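Every number in this note's numbering is 808 more than the matching position in the sequence shown, counting from 1.
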Amino acid sequence: MALLGRLGVLLASLLTLAVVQAAIEFPTRGQLLPGVRTVGNNAAYGHPKIKRAIKGNSISHDDGGYVLTEERLREIRSEFMYWYSDQGGDQNHGDYQTEIHTSNPQIQKNLNFQLPFYGFRYNYVRVSLNGYLEFSDPPEFYKYPLVFPVLEWPQKNDPAFIGIFYSKCRMGSLTSDDTDRRIPGVYFRAESDLDSRNDQFGVELRERLKWDIREGVIGANTFSPKHALIATWKNVSFAGGIDSAIYKTNTFQIVLATDEVSSYAIFNYQLIDWTTHTEAGGDTVNGQGGVPAFVGFNAGNATQSFEYFPYSQSTSIRKLTTSGMVNGFPGRHIFPIDEEILPGSCDIELRDQMPLLFSPQTGNMLGGTIVNITGPCFLPDDKVFCTFGTETVQGTMINRNRAMCVQPFLLQEGYVKLTVTLASEYTTWVGKYFIETPATATEKVFFPTSDVHQINPPEIKIEWDRFNLTSNLNAPVQISLWGYKEANNNPQLRFIDTIEDGTINSGEYTIVPSNYWNRSIGPELSEFEFGLLLINLSRSTALSVSPSLWSKPIPLGWYFNAQWESVDGKEWPQKRCDSWIKRDSSLNDFESSLPQCPCTLEKALLDKGRYMPDLTCDKDSNPLCYYNRGAVHCVKTGMPSLTGSEQQCCYDMQGRLMLTYDNMWGSKPARSHNLGLLPWNEAGKVPTLSQWYNDKIPFHLCCLWQGRDSEGCKTYLTERRPTQNCSGYAPPAIALVFGDPHFITFDGAEYTFNGKGEFVLLRANTNKNKLDIQGRFEQPQKTMYGEVRATQLTSIVARENMSAVIEVRVRPPVAQWRYQLDVLADGKKIYFDRPSLKVQHFEGVTVYTPTNILNQSQVIIMFQSGAGVEVLENNGYMAARIYLPHSLANQTRGLLGNWSSDVMDDFTLPDGSNANVSLDDLEGIHKNFGIHWILSDENDPTKGRSLFQHDAVKTSGYYTDITFVPEWKTSLDDLLPLNRSDDRRMAKKICGYTQQCIYDYALSLDVKLAQFSKYCLDEFNKIKESIMK
């Protein structure tokens, strides 16, 4: 263990190289925009229509538009405030908003673009004299200090707003000493299509914003603004002051920039001479005392808010003009604002457990990822320490707002705590950092051919994106070879050899294996049978820090062929295979702990609780199937077994299970799961690497390098890694909740229950299995005919035993421009928008989205027992399928019934008695059964407590309405009278004779809901039919 700890520090120090010279965010694959040029040491980025002209060190358009020189860019970026004017325009008022004054403090501005803010998007904004930009109505009256979200919502308005200085203001006046004689008041301008503009102002604003944001906030190194807003409050005074108080004024500015996906807010505080108004307890002369202004953001509708501490509503608010330090300016603060609000400026006060802003937020387990950090305000002499999980490395200060740390080698996977501390302080800044397994990490070193898998290839070509290292394409790079093995329960990752040092960063290199056959590296290193290539900048480069590009694991027969042959002759594959067989035979049996494979691909795709796509052979993302040739798709167990092993099931073009008894490309169980097993620092339990050591490299030794007919391969396929017979496979039981809402239990009972609140869908509570799956049901919006007397599933949450709590919510339609569903793990939002994040493992549970789903509209939750939850979304509506293994038979209660193959006990009440109900009696089901399974925040021994993460002021009781009376009628004639002939015709057209679909359309008049309900029911019936085959 000590060796691995030292190795992590050694790797970090090797990759740091020396003292960091400058703040560099190295772009990752695919991030550089077209038109890259290099001028001196600076990388130039440009839109496809724009290029960086080398001549004159300027930025110009191909069409001969305005030319922006480096000198001019430096000049405009040296100004603190962005442009605003009280002259020019049609009425010679420039940006000055004459309509805004004390008696009319707000106006609305329509935008010809979409502005993402706090998960929503807006095409308008309201500009208020009172120091904020708003997107919905504020409350009529305020209590101080201000609290957002508004506790009394929806009885009182809870506005969505961006508050730079949220306080009641009035127009101020200039003093004779004011050198800036522009008119006091509110200024506003919106600029669109900056990416294609070639006029002087458009080009200058775009470039100024781009570089201010790229250099000012971590993670924005590829941002290029398309649209911008500039709102300025110049010399505004406080409301309620005496006449002479109008000379007490503040000046501040909001600059918003967006590319319609990402959005950033820059707050510029030029002058703060008062902090509060009289209604908030301030005096009438100086605007002091009382409760200072609110600074922050609110999403509205009692969802979420961000108050900018330590400044907001605090005496520290005066420090806004001297803190921030974004772009080196005192008084400038910056925030990413599109999905979540994060402070891009350092924190002046040392408060424990403060949030970090860092990028990237994921890194390969092997280490070498350069992580840029904003948290504490750094001083030149500060020593910065970053702790990734359990490994601590020393970082380097870049400027007051930014430091950087190199992620060390970690024997972990999934989310770990990232903490940043300063040597002189006990305060910590905390974030969650995702560790990618070497197999699922973003691929950065590519092998265009399969030569690396051969014993004696003449050459091996490798490729990488050269911009992942540096924009200096002439920089020398180093290529090194590392090996992995396990000995005496001790994982070992060791440096083997330098393949090349000093080759130009061209993005490609050809390895000639014969050049390394005569290397004398010693017998110990020749025991490494697989490893990885590492590419980073040479130590001779001017850059003093280098990213690390790791390959996927590769066999090392091409490197050690001559060395192994000199010891064991040409039969070295056989001898090494025999050695592995002997070692593997001495280990405990693991196959008995694995579930059996489904016999057909159709059934494998339906067993969502136990099996997920194997990304080495996935019909949607990786059809090459190198290790399972002839397969069209493979699945594997989503969770490690209790012994840490993994089942694999592969299927041919006919959808039949491929067996190792038939050919060597058949399905193979693995002693070690790709996710590893806690504790990850033991042999056999290391993510990816243990699987390669125990399962992948033996396949090379015994089969790929000897042939199918060799004794070693026969032993591997029939004794050590044989496909398990599928004859004993037992398919899962499946239940469904969908529509307004309808339920199909595990035993097949179909009924409708329109409860309003949070309910138990399924609960198992035995000594061995504790599983809770809960659903939240809310009333939809009114139709043209009035209230919709039904509810819909809007969120589902699940936990098994001591696993992480996973919640999936449908996002409001106006917030579905990027993601359809929100996923929370233990209350924290997680995202699946990058390949390395498609599969995420937490304690006791794996969560993934299919590789072909890009908008988080389908989420699968897999528990250790084999229970699974599949959440589907379509056009703002949500449905869920629940899968149960046979180990949970006769153990479940709740709205989805007891899985016992007996419909009669599906309507069991929490006290264990049976409700006497009829499936077509909606009122009886509601009153005598369904409503009894409602949840609260208090624990009930028969139902548990609500597991949902409740935002802001909401509780379980907020969603509960036991007095709600839904529609009891079910027939078309009762729901849609004859005089509504058009609606009746539409219901029949969409639904045919599907009763649930008719019910949903009749109540909601929503074609999309009805279509989705019919789809869910039809698909469920197909699944049941497939399972029963």
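Even glycine gets a Cβ: it sits at the ideal position worked out from N, Cα and C. In this text the structure is predicted, and so the values were computed from the model without any measurement.
Top-ranked residue by Cα proximity to residue i, from the options
{"i": "Asn1264", "options": "Arg885, Leu1512 and Ala1110", "result": "Leu1512"}
{"i": "Asn791", "options": "Glu1731, Gly1417 and Asn1736", "result": "Residue 791 cannot be examined here, being either before or after the span of the chain that is shown, 809 to 1837."}
{"i": "Pro1188", "options": "Asn1209, Thr1170, Glu1399 and Thr1200", "result": "Asn1209"}
{"i": "Ile1690", "options": "Leu1345, Thr1700 and Gly1732", "result": "Thr1700"}
{"i": "Ile1733", "options": "Asp1710, Arg1022, Leu1704 and Ala1795", "result": "Leu1704"}
{"i": "Ala1760", "options": "Ala1107, Glu1199 and Gln1061", "result": "Ala1107"}
{"i": "Thr1802", "options": "Asp1814, Pro1785, Lys1816 and Tyr1823", "result": "Tyr1823"}
{"i": "Ala1370", "options": "Pro1361, Pro1381 and Ala1295", "result": "Pro1381"}
{"i": "Val1238", "options": "Thr1195, Glu1221, Pro1168 and Gln1589", "result": "Thr1195"}
{"i": "Asp1091", "options": "Gly1377, Thr1177, Leu1064 and Gly1048", "result": "Gly1048"}
{"i": "Val1440", "options": "Ser1449, Lys1411 and Asn1430", "result": "Asn1430"}
{"i": "Ser1071", "options": "Thr1526, Asp1146, Glu1527 and Ser1328", "result": "Asp1146"}
{"i": "Pro913", "options": "Lys1390, Phe1254 and Tyr940", "result": "Tyr940"}
{"i": "Asn900", "options": "Arg990, Gln1008 and Phe1009", "result": "Arg990"}
{"i": "Asp1051", "options": "Tyr1767, Ser981 and Asp1020", "result": "Ser981"}
{"i": "Asn1482", "options": "Ser1518, Lys1444 and Val1667", "result": "Lys1444"}
{"i": "Tyr995", "options": "Phe1060, Ser1400, Phe1551 and Gly1565", "result": "Phe1060"}
{"i": "Tyr974", "options": "Glu1115, Gly1365 and Ala1036", "result": "Glu1115"}
Proximity of residue i and residue j at Cβ, strictly below 8 Å
{"i": "Met1173", "j": "Gly1446", "result": "no"}
{"i": "Asn1489", "j": "Leu1219", "result": "yes"}
{"i": "Val886", "j": "Cys977", "result": "It should be noted that the sequence gives Ser, not Val, for residue 886. Contact flag unset, no."}
{"i": "Cys1213", "j": "Ile1243", "result": "no"}
{"i": "Glu1068", "j": "Phe1193", "result": "no"}
{"i": "Trp1741", "j": "Val1568", "result": "yes"}
{"i": "Ala1053", "j": "Leu1017", "result": "no"}
{"i": "Ile970", "j": "Ile1062", "result": "yes"}
{"i": "Ala1810", "j": "Leu1784", "result": "yes"}
{"i": "Thr983", "j": "Tyr1055", "result": "yes"}
{"i": "Ile1319", "j": "Ile1307", "result": "yes"}
{"i": "Cys1641", "j": "Gln1600", "result": "Looking at the sequence itself, residue 1641 is Asp, so the reference to Cys does not match. No."}
{"i": "Trp1372", "j": "Phe1554", "result": "no"}
{"i": "Phe1756", "j": "Glu1566", "result": "yes"}
Residue i (DSSP reduced to helix, strand or coil)
{"i": "Thr1177", "result": "coil"}
{"i": "Lys1777", "result": "coil"}
{"i": "His1481", "result": "coil"}
{"i": "His1085", "result": "coil"}
{"i": "Pro1321", "result": "helix"}
{"i": "Gln829", "result": "A caution first: Gln829 carries a pLDDT of 28, below 50, which makes its placement in the model too unreliable to give a value."}
{"i": "Ser1279", "result": "coil"}
{"i": "Val1647", "result": "strand"}
{"i": "Trp1272", "result": "strand"}
{"i": "Thr1657", "result": "coil"}
{"i": "Trp1851", "result": "Residue 1851 cannot be examined here, being either before or after the span of the chain that is shown, 809 to 1837."}
{"i": "Met1794", "result": "helix"}
{"i": "Gly1222", "result": "strand"}
{"i": "Asp1769", "result": "coil"}
{"i": "His1734", "result": "helix"}
{"i": "Gln1819", "result": "helix"}
Which residues DSSP lists as bridging residue i, in chain order
{"i": "Thr1445", "result": "Tyr1419"}
{"i": "Tyr974", "result": "Phe1102"}
{"i": "Cys1213", "result": "Val1179"}
{"i": "Pro946", "result": "Answer is none; Pro946 lacks a bridge partner."}
{"i": "Phe1114", "result": "Phe1105"}
{"i": "His909", "result": "Asn912"}
{"i": "Gly1652", "result": "Paired residues: none, contrary to the question."}
{"i": "His1550", "result": "Phe1546 and Thr1560"}
{"i": "Ser936", "result": "Gln914 and Tyr940"}
Cβ of residue i within 8 Å of any chain B Cβ
{"i": "Phe1217", "result": "In the displayed structure, chain B is absent; only one protein chain is listed."}
Closer than 7 Å: residue i CB and nearest the ligand ZN heavy atom
{"i": "Glu1267", "result": "Summarising the ligand content, the structure contains no ligands, and the ligand ZN is consequently not present."}
Okay, do the region 1092 to 1106 and the region 953 to 966 touch, 3+ Cβ pairs below 8 Å being the bar?
-> yes
With a cut-off of 8 Å, do at least 3 Cβ pairs link the region 1471 to 1480 to the region 1452 to 1461?
-> yes
For the 8 Å Cβ check, are there 3 or more pairs between the region 1287 to 1304 and the region 1494 to 1507?
-> yes
Validate contact between the region 1508 to 1525 and the region 1536 to 1551 using beta carbons, cut 8 Å, 3 pairs = no
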